[in-house]
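> Protein chains in written order, with the numbering used here: chain A, 752 to 894; chain B, 752 to 894.
Each residue gets a CB set at the ideal place from its N, CA and C atoms; glycine is no exception.
Please read these numbers as outputs of a predicted model, since none were measured by experiment.
Number of protein chains: 2
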Amino acid sequence: MSENNIQEIKKFNRFYTRVMGIFNLYTDKSPFSATEALILFEIHARKNCTAAFLSNYFGIDKSYMSRIIKHFGREGLTIKEVSQEDRRVQHIFLTELGRSTLNSLANKASINVESMIEGIPEDQIDHLIDSMKSIQKILYKNI
Amino acid sequence: MSENNIQEIKKFNRFYTRVMGIFNLYTDKSPFSATEALILFEIHARKNCTAAFLSNYFGIDKSYMSRIIKHFGREGLTIKEVSQEDRRVQHIFLTELGRSTLNSLANKASINVESMIEGIPEDQIDHLIDSMKSIQKILYKNI
DNA sequence: AAATATAGTTGACAAAATCCACTACTCATC
DNA sequence: GATGAGTAGTGGATTTTGTCAACTATATTT
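(1) How do the segment 852 to 867 of chain A and the segment 766 to 775 of chain A stand: do at least 3 beta-carbon pairs fall below 8 Å, yes or no?
(2) Residues of chain A with CB closer than 7 Å to the CB of I889 of chain B, please, in chain order.
(3) With I843 of chain B as the anchor, note down where its alpha helix (DSSP H) starts and where it stops.
(4) Can you grab the Cα-Cα spacing for the pair L828 of chain A / I880 of chain A, in whole Å?
(5) Closer than 9 Å, Cβ to Cβ, to anything on chain B: give me those residues from the segment 759 to 772 of chain A, in chain order.
(6) Quick check: is the beta carbon of V833 of chain B nearer than 9 Å to any beta carbon in chain A?
(7) Find out if the Cβ-Cβ distance for the pair I843 of chain B, T786 of chain B is shorter than 9 Å.
(8) How about F804 of chain B: is its C-beta nearer than 9 Å to some C-beta of chain A?
(9) Kindly indicate if chain A contains any beta-carbon less than 9 Å away from that of S784 of chain B.
(10) In chain A, which residues lie less than 8 Å from V864 of chain B when you measure between Cβ atoms?
(11) If you follow the beta strand (DSSP E) that I830 of chain B is part of, which residue opens it and which one closes it?
(12) Using DSSP bridges, identify the partner residues of M801 of chain B.
(13) Does any residue of chain A have a CB that is nearer than 9 Å to the CB of M883 of chain B?
(14) For R765 of chain B versus F792 of chain A, is the C-beta distance shorter than 9 Å?
(15) Using only CA atoms, which one of A:D837, A:R769, A:N799, A:N755 lies nearest to I830 of chain A?
(16) Under 9 Å, Cβ to Cβ, is there at least one residue of chain A near I830 of chain B?
Structural data, given as structure tokens:
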């Protein structure tokens, strides 16, 4: 593998890390961290989501994940339901409040994204999105 | 701005956040965090780098930045030099040890990037890198 | 049924990050 | 050249985020 390619990818990683740091994706002054917002999103998007899945999916320690979900529970955002097939596992679901909270976080994220691309001409935005799709498509199997 | 575009960008952001979380870019079992590695890199790359610049560049609290740089100093990775023009500002430089430390962090990062793209055919890697370059070029002015 | 493995929880702790007050200096204006 | 406003950097106190190891409960393998 060309050393040059590696350097280019690292450069992109530095760049995009900073982009995300600056457009602090979900979290401007909300009581939820970016991580929590991502987890909430995933609970919503996956069916029969479990703590183990989330822990593995995000590469987050299971004890930490347990606490995050506990926190969601205390706030009334999620409920857990013991699986019928395997009584060790608990499926996690959003409550109505959880859905509306996620919704408001998603709106904030949208506003951030808008400021991230504001002033960029249409055709470039299209190119941007094509590029983003390509990256996902190419890296997909390795993630 | 099309709502659909926003959603696509948010999807990419979630995706790439996860990519970077998983290929924990610099930091596998090194005594430096990913943030510290990025800062070390930037001290190396910029000339006449200052704490204020870094703080602003990364969107990191200045007191935290001060502590990180202090830490680098204690470890012998950086030295500071009071500016002649403005005695409030201190330029930061890597020492020889700082450079070699950065180098070894960079090597670890390279290994992570390799595993991130392993098994992906040449032409796709090229496409990947083109896409990454496009994104940087398009977002550059807004960052 | 004994050993091994997985899901999730908890306590204790460590690392990362923020908030705020402070010093030292610079710069502009009177 | 004193005064006030602003910026660079530091340090104390605290909060948030994340890790480690031990534990319970259930499932799976032998």
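Considering the structure as presented:
(1) yes
(2) On the second sequence, residue 889 of chain B is found 138 positions in, with the first residue counted as 1. Per Cβ cutoff of 7 Å: I871, Q875, H878, L879.
(3) Reading the second sequence from its first residue, position 92 is the one you call residue 843 of chain B. No alpha helix (DSSP H) holds I843 of chain B; the beta strand (DSSP E) holding it covers 841 to 845.
(4) Translated into positions along the first sequence, residue 828 of chain A becomes position 77. Translated into positions along the first sequence, residue 880 of chain A becomes position 129. Each residue's alpha carbon lies about 32 Å from the other.
(5) E759, I760, K761, K762, F763, N764, R765, F766, Y767, T768, R769, V770, M771, G772
(6) Taking the second sequence and counting its residues from 1, one reaches residue 833 of chain B at position 82. Judged by the 9 Å Cβ criterion, V833 of chain B is not in contact with chain A.
(7) Position 92 of the second sequence, counting from 1, holds the residue named residue 843 of chain B. Position 35 of the second sequence, counting from 1, holds the residue named residue 786 of chain B. In this structure, T786 of chain B does not lie closer than 9 Å to I843 of chain B by Cβ.
(8) Translated into positions along the second sequence, residue 804 of chain B becomes position 53. No, F804 of chain B does not count as interfacial toward chain A.
(9) In the second sequence, the residue the question calls residue 784 of chain B occupies position 33. By this cut-off, S784 of chain B is not an interface position.
(10) Translated into the one-based positions of the second sequence, residue 864 of chain B becomes position 113. In chain order: I757, I760, K761, N764.
(11) The sequence position of residue 830 of chain B within the second sequence is 79, counting from 1. From DSSP, the beta strand (DSSP E) with I830 of chain B extends over 829 to 833.
(12) By one-based count along the second sequence, residue 801 of chain B stands at place 50. For the sequence presented, residue 801 of chain B should be read as Thr rather than Met. T801 of chain B pairs with B:H842.
(13) To locate residue 883 of chain B, count along the second sequence from 1; it is residue 132. It does: the Cβ of M883 of chain B has a partner Cβ on chain A nearer than 9 Å.
(14) Numbered from its first residue, the second sequence carries residue 765 of chain B at position 14. Numbered from its first residue, the first sequence carries residue 792 of chain A at position 41. For R765 of chain B and F792 of chain A, yes; Cβs fall inside 9 Å.
(15) Taking the first residue of the first sequence as position 1, residue 830 of chain A is located at position 79. Per the Cα distances, A:N799.
(16) For the purposes of this step, residue 830 of chain B is taken as the residue at position 79 of the second sequence. Taking Cβ atoms only, chain A never reaches closer than 9 Å to I830 of chain B, which makes this a no.
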